[in-house]
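> Quick one: this structure, given as structure tokens, is what I'll be asking you about.
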Amino acid sequence: QKMVFALVEKLVELLAGGKLVDGLIPRQESGYFTSDICYQNPTTYCSDLLPGHREVVATFFLSPQRLAKETAIIPTAFLFILLLILPSLRASTPKSEITSPLFLRFIAGACLLTQLCYKLMGYKNKIAFMVMPCNVLWSLGTLITFPSVPVSVRHNLIQCWYSFQVLVWAVFINSDTSDLKNPFEVEFFWINHVLLLFFPFYYLFTSSVPALPSILDILKYWLLSCATTGIFYFGFVTPLSLYTGLNLNYMLYPPPTPPPGVSVSENFRIESMAGMSAAFLVSRLIP
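Numbering (my numbering), first residue to last: 4 to 290.
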């Protein structure tokens, strides 16, 4: 365990010192979204960044040591949960075929491709924002609609989507479009999320993929959703945020208006994960 902490802390120190990318400004030097300097080693002024980039510049809100501990401990804990439930999931996942009409395949593919184009048109490393939850959902949607993907995988993806649906609802309550500067990008943002809102209803009402199969199944799919989210965002997206210098999915500092239950403190990531886990369960029970 100490060796894992040491390796992760070394990576964070390299990033902070600008050895791998332009160095991030520590919170105590930059304040909270107020610095004129966005990156150090070499010095990069915010006024020199392309439109939309300044709003998502990453800073070290947490210390490298705190980031290292969370990056090591949280994904490991969720990986343990995932390994614990996988045998039961394999045994209980339905084998019935799932049909996806051509129009759903077109919607998923078109939305995913349009998002990719917008990210490639933006500032440096904007493509990394494809890891945002709603962009990940379109990736899952594309997999769900292809019959070549094993049916058991598609069943589990749809069940996870039922949990993740609450993340789409949240956009309509509190959204951040400050970095969307390309033509019609804001308009597409809303069209994209409206389509996400209705996408899973086809499977809920026309296929044999019930959202409430049994109490035990609800618990297993809820744990699957929480575990995959924790592993992905703490274990992969956090290092990616450090590498790109972007605050991907608010993994390096909290949003300007944090959701209920999330404080502007060093515990904001833990509080966010706890709140999301509770929301996933609510999302599963609503259908």
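Positions of the beta carbon are idealized from the N, C-alpha and C atoms, including for glycine. Small disclaimer: the values here were computed from a predicted structure and weren't measured.
Using alpha carbons as the reference points, say which of Phe81, Val169, Thr96 and Thr209 lies closest to proline 104.
Here residue 104 refers to the residue found at position 101 when the sequence shown is read from its first residue. Proline 104 has its Cα closest to that of Thr209, out of Phe81, Val169, Thr96 and Thr209.
> Please give me, in chain order, every unbroken run of the alpha helix (DSSP H) with length at least 4 that falls completely inside the region 165-215.
Segments of the alpha helix (DSSP H) lying fully in the region 165-215: 188-201 and 204-209.
> Using 8 Å for Cβ pairs, my map puts alanine 61 next to glycine 248. What's the rounded Cβ distance?
Looking up residue 61 in the sequence shown gives position 58. Looking up residue 248 in the sequence shown gives position 245. Confirmed, about 5 Å.
> Report the rounded CA-to-CA distance for isoleucine 40 versus tyrosine 48, giving the unit in angstroms.
Translated into positions along the sequence shown, residue 40 becomes position 37. Translated into positions along the sequence shown, residue 48 becomes position 45. Straight-line Cα distance between these residues: approximately 4 Å.
> With distances taken between CB atoms, is the gap from serine 166 to phenylalanine 283 smaller than 9 Å?
Here residue 166 corresponds to residue number 163 of the sequence shown, with the count starting at 1. Here residue 283 corresponds to residue number 280 of the sequence shown, with the count starting at 1. Going by C-beta atoms, serine 166 is nearer than 9 Å to phenylalanine 283.
> Buried or exposed for cysteine 229, going by 16 or more other Cβ atoms inside 10 Å?
Reading the sequence shown from its first residue, position 226 is the one you call residue 229. The residue in question, cysteine 229, is buried, as its Cβ has 16 or more Cβ neighbours within 10 Å.
> State the Cα-Cα distance for the pair proline 261 and alanine 173, rounded to the nearest angstrom.
Taking the sequence shown and counting its residues from 1, one reaches residue 261 at position 258. Taking the sequence shown and counting its residues from 1, one reaches residue 173 at position 170. Proline 261 and alanine 173: Cα-Cα distance of roughly 12 Å.
> Return the CA-CA distance between leucine 226 and isoleucine 84, expressed in angstroms with no decimal places.
As a position in the sequence shown, residue 226 is number 223, starting the count at 1. As a position in the sequence shown, residue 84 is number 81, starting the count at 1. Spanning the two alpha carbons is a distance of roughly 7 Å.
> Does the pairing of the region 65-76 with the region 128-136 give three or more beta-carbon distances under 8 Å?
Cβ pair count under 8 Å is below three, so no.
> Taking 9 Å as the cut-off, decide whether the C-beta atoms of leucine 222 and alanine 214 are in contact.
In the sequence shown, the residue the question calls residue 222 occupies position 219. In the sequence shown, the residue the question calls residue 214 occupies position 211. No, these two residues do not count as a Cβ contact at 9 Å.
> Give me the residue from Thr241, Ser286 and Glu188 with the minimum Cα distance to valine 171.
What you label residue 171 is simply residue 168 of the sequence shown in a count that begins at 1. Among Thr241, Ser286 and Glu188, the Cα nearest to that of valine 171 belongs to Ser286.
> Closest to leucine 200 by CA distance: which of Thr102, Phe235, Phe175 and Val154 is it?
On the sequence shown, residue 200 is found 197 positions in, with the first residue counted as 1. The candidate whose alpha carbon is nearest that of leucine 200 is Phe175.
> Suppose you measure from the CA of phenylalanine 235 to the CA of valine 156; what does that come to, to the nearest Å?
As a working note, residue 235 is residue 232 in the sequence shown. As a working note, residue 156 is residue 153 in the sequence shown. Going by the C-alpha atoms only, they are around 18 Å apart.
> Measuring only the C-alpha atoms, how far is proline 203 from leucine 288?
Locating residue 203 in the sequence shown gives position 200, where the first residue counts as 1. Locating residue 288 in the sequence shown gives position 285, where the first residue counts as 1. Roughly 15 Å separates the two Cα atoms.
> Below 8 Å on the Cβ atoms is my contact criterion, and I expect glutamate 274 with serine 266 to pass it. Report the Cβ-Cβ distance as a whole number of Å.
Taking the first residue of the sequence shown as 1, we reach residue 274 at position 271. Taking the first residue of the sequence shown as 1, we reach residue 266 at position 263. Confirmed, Cβ separation roughly 6 Å.
> Take the Cβ of arginine 93 as the centre, count every other Cβ of all protein chains shown within 10 Å, and call the residue buried at 16 or more, exposed below.
Here residue 93 is taken as the residue at index 90 of the sequence shown, counted from 1. The residue in question, arginine 93, is exposed, as its Cβ has fewer than 16 Cβ neighbours within 10 Å.
> Checking 9 Å against the spacing of the C-beta atoms, do leucine 255 and serine 268 come in under that value?
Numbered from its first residue, the sequence shown carries residue 255 at position 252. Numbered from its first residue, the sequence shown carries residue 268 at position 265. Cβ distance not < 9 Å, so leucine 255 and serine 268 don't count as in contact.
> Select from Thr148, Arg272, Gln162 and Glu100 the residue whose C-alpha is nearest the C-alpha of proline 216.
Looking up residue 216 in the sequence shown gives position 213. Considering only alpha carbons, the answer is Gln162.
> For leucine 249, list the residues DSSP reports as bridge partners.
Locating residue 249 in the sequence shown gives position 246, counting from the first residue. Answer is Val60, bridged to leucine 249.
> Do arginine 272 and phenylalanine 239 have their beta-carbon atoms positioned less than 9 Å apart in this structure?
Stepping through the sequence shown from its first residue, residue 239 is reached at position 236. Stepping through the sequence shown from its first residue, residue 272 is reached at position 269. Cβ atoms of phenylalanine 239 and arginine 272: not closer than 9 Å.
> Quick check: the Cα distance between leucine 123 and proline 186, rounded to an integer number of angstroms?
Walking along the sequence shown from the start, residue 123 turns up at place 120. Walking along the sequence shown from the start, residue 186 turns up at place 183. Rounded to the nearest angstrom, the two C-alpha atoms are 13 Å apart.
> With DSSP run on the structure shown, which of helix, strand or coil describes threonine 102?
Your numbering for residue 102 matches position 99 in the sequence shown. Note: threonine 102 maps to coil in three-state DSSP.
> Taking DSSP as the reference, what is the three-state secondary structure of serine 91?
As a position in the sequence shown, residue 91 is number 88, starting the count at 1. If DSSP states are grouped into helix, strand and coil, serine 91 belongs with the helices.
> With distances taken between CB atoms, is the gap from proline 97 to valine 212 smaller than 9 Å?
Along the sequence shown, read from residue 1 onward, the residue named residue 97 stands at position 94. Along the sequence shown, read from residue 1 onward, the residue named residue 212 stands at position 209. Cβ atoms of proline 97 and valine 212: closer than 9 Å.
> Closer than 7 Å by C-beta to glycine 264: which residues in its own chain qualify, once you throw out the five before and the five after it? Chain order, please.
For the purposes of this step, residue 264 is taken as the residue at position 261 of the sequence shown. Result list for glycine 264: Glu274 and Gly278, in chain order.
> Just the C-alpha distance for histidine 56 and tyrosine 126, rounded to the nearest angstrom, thanks.
Indexing the sequence shown from 1 puts residue 56 at position 53. Indexing the sequence shown from 1 puts residue 126 at position 123. Each residue's alpha carbon lies about 6 Å from the other.
> Tell me, to the nearest whole angstrom, how far the beta carbon of tyrosine 205 is from that of leucine 107; I am working on the premise that it is less than 8 Å.
Walking along the sequence shown from the start, residue 205 turns up at place 202. Walking along the sequence shown from the start, residue 107 turns up at place 104. So it is a contact: roughly 6 Å between Cβ atoms.
> How close, in whole Å, do the beta carbons of phenylalanine 191 and threonine 117 come, if the pair is a contact with beta carbons under 8 Å?
For the purposes of this step, residue 191 is taken as the residue at position 188 of the sequence shown. For the purposes of this step, residue 117 is taken as the residue at position 114 of the sequence shown. About 6 Å separates the two Cβ atoms, so the contact holds.
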